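Heads up: the structure comes next, in structure tokens.
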Amino acid sequence: MVLPFGELINHPAGVAVDAANNVYVLDLHYGQVWEMDSGTTNPTHLPFTGLGRAVDAAADAAGNLYVSDDALNRVLKLMPGATIPIVLPFTDLNVIAGVAVDSTGNVYVSDSGNKRVLKLAAGAGSPTVLPFNGIDPDGVAVDTSGNVYAVDSGGKRVLELAPGATTPSVLPFTNLKLPTDLAVDTSGNVYVIDRGTNRVLKLDADASAPTVLPFNDLKDPSSVAVDSKGNVYLNDGLHFRILKLAVQS
Numbered sequence: 000m001v002l003p004f005g006e007l008i009n010h011p012a013g014v015a016v017d018a019a020n021n022v023y024v025l026d027l028h029y030g031q032v033w034e035m036d037s038g039t040t041n042p043t044h045l046p047f048t049g050l051g052r053a054v055d056a057a058a059d060a061a062g063n064l065y066v067s068d069d070a071l072n073r074v075l076k077l078m079p080g081a082t083i084p085i086v087l088p089f090t091d092l093n094v095i096a097g098v099a100v101d102s103t104g105n106v107y108v109s110d111s112g113n114k115r116v117l118k119l120a121a122g123a124g125s126p127t128v129l130p131f132n133g134i135d136p137d138g139v140a141v142d143t144s145g146n147v148y149a150v151d152s153g154g155k156r157v158l159e160l161a162p163g164a165t166t167p168s169v170l171p172f173t174n175l176k177l178p179t180d181l182a183v184d185t186s187g188n189v190y191v192i193d194r195g196t197n198r199v200l201k202l203d204a205d206a207s208a209p210t211v212l213p214f215n216d217l218k219d220p221s222s223v224a225v226d227s228k229g230n231v232y233l234n235d236g237l238h239f240r241i242l243k244l245a246v247q248s
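Spelled out as structure tokens, the structure:
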């Protein structure tokens, strides 16, 4: 189904969903962030001003929203009820792609131009570099067990880094052409957008091969999210719309 963002969105980019199943959408062209509360049909404009290129978003359990701005190389955090976001202490960024946040408030960023994935621990003043070495990172995600996932767009693969591990493992997504973003649900299922083939793939936990989800007639999708019920959301970029695939009961 097509979500009713309509003409508010000129060029949809990042999509995110929070614990209450509210949906957030970034507009790359207008530099705006919109929220559609669960069960409603009227999006609300959020107070992110002066954005250069808002490309990805993530929401935590406390209702904080994080937005990556790759033109200004910064990551913003908007707390519930706030009218101005704060800039998180990520320095020397070069073309940010994905952003993710875990259940304890640690924030993860793919610093694409510097070919690294960063972790900013909750309350920390500076990030650390995670051992995703030699990759071209794009989308990033984290699951409830603390496993961190990254799309290696240049290597056409998807990686998983377990807590405490020094080397990531490669997930069995094969024949990818241009993977860009990913999401993981509470059951450990991983969803990946292959922008090069206009497909969305789902790898069930412990499965050896992914399946293709029934999103039809996509044109340049680049961001995917999944809610607590397993419903999947994505931006259908050049059709200028946000789609929702309801979980099958």
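All residue numbers for the sequence shown refer to numbering that gives the first Met the number 0, where the first residue is 0 and numbers rise by one. All residues carry an ideal CB built from backbone N, CA and C; glycine is no exception. Predicted, not measured: the structure shown is a model, and the values here were computed from it.
Is it true that the CB of K201 sits closer than 7 Å to the CB of N188? Annotated as proximal: N188 and K201, with beta-carbon spacing under 7 Å.
In three-state terms, what does DSSP make of L237? L237 falls in the helix class under three-state DSSP.
With DSSP as the reference, label L27 as helix, strand or coil. DSSP places L27 in coil when its eight states are reduced to three.
Candidates V246, Q247 and H238: closest to G5 by CA position: Checked all of V246, Q247 and H238; the closest Cα to G5 is H238.
Taking contact to mean at least 3 C-beta pairs separated by less than 8 Å, is the stretch 93 to 101 in contact with the stretch 50 to 61? yes
Using DSSP bridges, identify the partner residues of S67. D55 and V74
Can you find the residues in the same chain that come closer than 6 Å, C-beta to C-beta, to R73, ignoring five residues on each side of it along the sequence? V86
Alpha carbon to alpha carbon, how far is G154 from M0? Distance between the alpha carbons of G154 and M0: 32 Å.
To the nearest whole angstrom, what separates the beta carbons of P171 and A208, a pair I think is in contact under 8 Å? 6 Å
G112 - DSSP class collapsed to helix/strand/coil: G112: helix per DSSP, three-state reduction.
Distance between T48 and T82 (C-alpha atoms, nearest Å): 10 Å
Out of Y29, F131, E159 and G124, point me to the one whose CA is closest to V141's CA. E159
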